[in-house]
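Just so you know, we're using this note's numbering here: the sequence shown kicks off at 5 and counts up by one.
Take a look at the structure below.
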Amino acid sequence: PALPTATELFRAFNESGLKYGIIQDLASLQSGLAGRDDLDLLLDKHDYPVFCSIVSKLHGRRGVSLSCYDNVCAGREDWFLPDFPNGRYLHLDMHIGIRVGWEFRKRYPVFDYAAITRWESICVDGVSIPVVSPEDEIRIAIARFAFRTWALPRRQWITVGGDWRDQFARPPLPSGQQGLDVAEYTL
C-alpha cells in the first residue's frame, strides 16, 4: 500500500494545480509509493516554488548530492518526505528537465514537462496521479539508451527544432569523418 505521506503529497499537488507526472520505471511505481524505491517526478519549471512549499509543509528535505557526481546540476534534486508511523521515507527524484548521458554524467537536456505529449492517470487511495504514457516512456527510454554508453564527448551536435519530421527523412552523413557516432530512432 502507498504511504499516507504519498497520498497527502499528490492530493496537495492536484489541489494546487501543479503540472507534474511520474516519468520512469512505472513497473516499480507501487514500491516507490510504499517508500521502498524512488519515484522519478517531472515537474513544470514554473511550478517549482509551489512544489517546494508543499513539500516543506510535509517536512520534506532536499537531499545533498556529492560533488564527485555530475548529477549535481540544476533541474534534478532528491527530496525525502518522512512517514514516521511507517518508518519509511518517500523518495522523490525530482526533475525540471530530463537529461541523458552516461551514468552520473547526464549533461544533455532532452525533455521538459511540455515535451511530454500525453499523460495518463492512475488512482491511488482516491488520489489521481499523472503518469507518462507508454509512447512517451518509450521516447524517454530510447533517448536514455542512446546516450548511456560511455564515449568521448561529442564534437558536434545538430539541433533540429519544431516539426522536425517534415525537415528531413535521414540526416546526411558527413564524408571523411572518422569515429562518427550516429544515434537514430523513429517516434
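Cβ coordinates follow ideal geometry from the N, Cα and C atoms, glycine included.
All values derive from a computational prediction rather than experimental measurement.
#1: For the beta strand (DSSP E) that residue 26 lies in, which residues bound it at each end?
#2: Straight-line CA distance for residue 63 to residue 138?
#3: Decide if residue 121 is buried, meaning its Cβ has at least 16 other Cβ atoms within 10 Å, or exposed.
#4: For residue 116, which residues of its own chain have a beta-carbon under 6 angstroms away from its beta-carbon, when the five flanking residues on both sides are left out?
#5: Once the 5 residues before and after residue 50 are set aside, which same chain residues still bring their CB inside 8 angstroms of it?
#6: What is the DSSP secondary structure of residue 43, reduced to helix, strand or coil?
#7: On the DSSP letters alone, give me the boundaries of the beta strand (DSSP E) that residue 58 sits inside.
#8: On the DSSP letters alone, give me the boundaries of the alpha helix (DSSP H) that residue 15 sits inside.
Let me lay it out:
#1: Residue numbering aside, residue 26 sits at position 22 when the sequence shown is read from its first letter. The continuous beta strand (DSSP E) containing residue 26 extends over residues 24 to 26.
#2: Counting from 1 along the sequence shown, the entry for residue 63 is found at position 59. Counting from 1 along the sequence shown, the entry for residue 138 is found at position 134. Rounded to whole angstroms, residue 63 to residue 138 spans 33 angstroms at the Cα level.
#3: Here residue 121 is taken as the residue at index 117 of the sequence shown, counted from 1. Exposed, because fewer than 16 other Cβ atoms sit within 10 Å of the Cβ of residue 121.
#4: Taking the first residue of the sequence shown as 1, we reach residue 116 at position 112. Hits under 6 angstroms: 101.
#5: Indexing the sequence shown from 1 puts residue 50 at position 46. The answer, listed in chain order, is 23.
#6: Counting from one through the sequence shown, the residue named residue 43 turns up at place 39. Residue 43: strand per DSSP, three-state reduction.
#7: The count along the sequence shown starts at 1 and reaches residue 58 at position 54. Careful: residue 58 lies outside any beta strand (DSSP E), inside the alpha helix (DSSP H) at 52 to 61.
#8: Taking the first residue of the sequence shown as 1, we reach residue 15 at position 11. Looking at the DSSP string, the run of the alpha helix (DSSP H) that includes residue 15 is 8 to 20.
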